[in-house]
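A.B. asks:
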Amino acid sequence: MGKIVGGFLVPHDPVMFVAPEAPAEDIRKRMWGAFDTCAERLAGLEATSVVIIGADHYFNFGTGCLPQYIIGTGDVDGPLDVLPGLKRQIIPASEKLAGFIADHGHANGFDWAVARAFTVDHAVAIPDRLIIDPVRARGQSIGTIPVYIAAGVDPFIKMKRAIELGGAIKAAVEAMPDDERVVVIGSGGISHWVGTPEMGKVNEAFDREIMDYACTGNLAAIQALSDDYILDNGGNGGMEIRQWAVAMGAMPGARGEIIDYAPVREWVTGLGFVQLFA
Amino acid sequence: MSRNVLEKLMHQLCVDRTVKQRFKEDPEGLLARYALSEEERAMVTGFDVAGMQKHGVNPMLTLGFWTENAPNRHPAAYMKALRGAAAAEGQVFSAGLKQ
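Chains A and B, in that order, are what the protein sequence lines are. Counting from 352, one number per residue, gives the positions in the first sequence under this note's numbering. Counting from 9, one number per residue, gives the positions in the second sequence under this note's numbering.
1) Taking 9 Å as the cut-off, decide whether the C-beta atoms of A:A476 and A:G429 are in contact.
2) I'd like to check one pair, A:V553 with A:V498: are the Cβ atoms closer than 9 Å?
3) Let me make sure I understand the geometry here. Which of A:M367, A:P374, A:A398 and A:I404 has the alpha-carbon closest to that of A:F386?
4) Just grab the DSSP bridge partners of A:I404 for me.
5) Find the residues of chain A that neighbour B:K16, judging by a C-beta separation of less than 7 Å, and give them in chain order.
6) Verify whether the separation of the beta carbon atoms of A:F624 and A:I609 is less than 9 Å.
7) Just mark B:S102 as buried or exposed, buried being the case when its beta carbon has 16 or more other beta carbons within 10 Å.
8) Please confirm whether A:V533 and A:V361 have their CB atoms less than 9 Å apart.
9) Excluding five sequence neighbours on each side, which residues of the same chain lie with their C-beta closer than 6 Å to the C-beta of A:P485?
10) Taking three-plus beta-carbon pairs below 8 Å as touching, is the region 542 to 550 of chain A in contact with the region 410 to 425 of chain A?
11) With 16 other CB atoms within 10 Å as the buried threshold, where does A:S492 fall?
12) A:G450 and A:A519 - do their beta-carbons sit closer together than 9 Å?
13) Under a Cβ-count criterion, where at least 16 other Cβ atoms within 10 Å of its own Cβ denotes burial, should A:I496 be classed as buried or exposed?
14) Any C-beta of chain A sitting closer than 9 Å to the C-beta of B:P67?
15) Beta strand (DSSP E) containing B:V57: first to last residue?
16) At a Cβ threshold of 9 Å, is B:H19 touching chain A?
17) A:I493 by DSSP, collapsed to three states: which one?
18) Leaving out the 5 sequence neighbours to the left and right, which residues in its chain are closer than 7 Å to B:L21 when beta-carbon positions are compared?
19) Tell me, please, whether the CB atom of A:L434 is closer than 9 Å to any CB atom in chain B?
20) Would A:W463 and A:I421 qualify as a contact pair, given that the criterion is a beta-carbon distance under 9 Å?
21) Give me, in chain order, the residues of the same chain whose beta-carbon lies closer than 7 Å to that of B:N110; leave out the 5 immediate sequence neighbours on both sides.
22) So which residues of chain B does A:P365 contact, with C-beta pairs closer than 7 Å?
23) For a quick check, are the C-beta atoms of A:P603 and A:L570 less than 9 Å apart?
24) Measuring CB to CB, does A:Q594 end up less than 9 Å from A:R392?
25) Among residues of its own chain, excluding the 5 on either side of A:G503, which ones have a beta-carbon nearer than 6 Å to its beta-carbon?
26) How is the alpha helix (DSSP H) around B:T26 delimited, first residue to last?
27) How close, in whole Å, do the beta carbons of A:V535 and A:I355 come, if the pair is a contact with beta carbons under 8 Å?
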């Protein structure tokens, strides 16, 4: 029987790769170091699969098809949007569990769209490269399961449904006959304004509010946030706290701990790193 | 007025190399394939990202469109186009994937 053994909530900021030298040196070291800390802690969890929840940035999906949520059940590679220091590569997958999650969802009211061969964008590729790859390099075999939700392009998935989707992942993992040890990573946020006149603004108060909800496992508070509130206080990029909500929904009652946080205007984002404890 | 068709075109001008090349070489010919109004066509050829956002186009697309296709792709030029000249003073930070 599978179980969820831990979780992380992390940013997937491409500007860290595009302009790595932009912030002050101590900030740079702390933020890259926070990813290293996540990798170190992931290694201790002895995971067999990691579900990374990201959001499309209008790269993967166009106006012809905008899924509310989709899971990669086959081959995975990425990123689609290659960056300096983040070239495209094959990503070890976890096909059996991913397929099981999709099947279990289809039988229980969650009509997953599936991607049988999925070139993910930076939302999944960055945490995979910075958190999971270092653990694979130590000899641990970990498969990545990409999940994308509609948080960057409307119609946005409802926050309530995002939390329920996390619950569906949890239920599937626990119904899996194999002894899978699964970690969930909510990839995104926190406050950032992408392409809007406010780009470069970071709202630390909003970021700390969201991290507080994450650390106290306050799903009710996350669910109560209106889209207008998030857009006004967290920006269009702040809608990505839905990925955090999915991860939190997969670990109801879990408490969290802030690994690090910094509002980094040079990287246009409030970068928050939280570990969730099963 | 069609935000949807504009977004379709913007998406292609972000990710499709062939469409980007056609836009560079023959913008009018390319735009004729899309059900756009005169006003919308002018927004595209004039790189009026502020107008497109007011029209409802996703800001991630306007940023990508600018970064991939504008004559001056510098982030400061994008922010100037978005905010107007008066608001373009000071340091500019960009989420663009090419800087």
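Backbone N, C-alpha and C define an ideal beta-carbon position, used for all residues, glycine too. None of the values given here were measured: they were computed from a predicted structure.
C.D. replies: To lay it out plainly:
1) Taking the first residue of the first sequence as 1, we reach residue 476 of chain A at position 125. Taking the first residue of the first sequence as 1, we reach residue 429 of chain A at position 78. It is a contact, given that the beta carbons lie within the stated cut-off.
2) Position 147 of the first sequence, counted from the first residue, corresponds to residue 498 of chain A. Position 202 of the first sequence, counted from the first residue, corresponds to residue 553 of chain A. No; because the gap between Cβ atoms is not below 9 Å, this pair is not in contact.
3) Counting from 1 along the first sequence, the entry for residue 386 of chain A is found at position 35. If we check each option's Cα against that of A:F386, A:M367 comes out closest.
4) Against the first sequence, residue 404 of chain A aligns to sequence position 53. Partner(s): A:V498 and A:G537.
5) Along the second sequence, one-based indexing puts residue 16 of chain B at 8. Residues of chain A passing the Cβ test: G413 and T414.
6) Start at 1 with the first residue of the first sequence, and residue 624 of chain A comes out as number 273. Start at 1 with the first residue of the first sequence, and residue 609 of chain A comes out as number 258. Contact: yes.
7) For the purposes of this step, residue 102 of chain B is taken as the residue at position 94 of the second sequence. B:S102 is buried by the Cβ-count criterion.
8) In the first sequence, the residue the question calls residue 533 of chain A occupies position 182. In the first sequence, the residue the question calls residue 361 of chain A occupies position 10. For A:V533 and A:V361, no; Cβs fall outside 9 Å.
9) Taking the first sequence and counting its residues from 1, one reaches residue 485 of chain A at position 134. So the list reads A390, once near-sequence residues are dropped.
10) no
11) For this step, residue 492 of chain A is matched to residue 141 along the first sequence. Exposed.
12) Walking along the first sequence from the start, residue 519 of chain A turns up at place 168. Walking along the first sequence from the start, residue 450 of chain A turns up at place 99. For A:A519 and A:G450, no; Cβs fall outside 9 Å.
13) Taking the first residue of the first sequence as position 1, residue 496 of chain A is located at position 145. Under this definition A:I496 is a buried residue.
14) Within the second sequence, the letter at position 59 stands for residue 67 of chain B. Chain A contact via Cβ: present.
15) Here residue 57 of chain B refers to the residue found at position 49 when the second sequence is read from its first residue. Premise fails: B:V57 lies in the alpha helix (DSSP H), V57 to K62, not in any beta strand (DSSP E).
16) In the second sequence, residue 19 of chain B corresponds to position 11, counting from 1. Output row for B:H19: interface = yes.
17) On the first sequence, residue 493 of chain A is found 142 positions in, with the first residue counted as 1. Note: A:I493 maps to coil in three-state DSSP.
18) Here residue 21 of chain B refers to the residue found at position 13 when the second sequence is read from its first residue. V27, K28, F31, F73, E76 and N77.
19) On the first sequence, position 83 is the one that residue 434 of chain A refers to. Yes, its Cβ sits closer than 9 Å to a Cβ of chain B.
20) Within the first sequence, residue 463 of chain A is the residue found at index 112, counting from 1. Within the first sequence, residue 421 of chain A is the residue found at index 70, counting from 1. Yes, Cβ-Cβ distance for A:W463 and A:I421 is below 9 Å.
21) Outside the shown range of chain B, which is 9 to 107, sits residue 110 of chain B, and nothing can be said about it.
22) Looking up residue 365 of chain A in the first sequence gives position 14. The answer, in chain order, is L105.
23) Along the first sequence, read from residue 1 onward, the residue named residue 603 of chain A stands at position 252. Along the first sequence, read from residue 1 onward, the residue named residue 570 of chain A stands at position 219. Yes. Within cutoff.
24) Against the first sequence, residue 594 of chain A aligns to sequence position 243. Against the first sequence, residue 392 of chain A aligns to sequence position 41. Contact: no.
25) Against the first sequence, residue 503 of chain A aligns to sequence position 152. Excluding residues within five positions, the ones whose Cβ falls inside 6 Å are A406, D407 and H408.
26) The residue given as residue 26 of chain B occupies position 18 in the second sequence. Taken as a continuous stretch (DSSP letters only), the alpha helix (DSSP H) holding B:T26 covers R25 to E33.
27) Taking the first sequence and counting its residues from 1, the one referred to as residue 535 of chain A is at position 184. Taking the first sequence and counting its residues from 1, the one referred to as residue 355 of chain A is at position 4. Contact holds; Cβ gap of about 6 Å.
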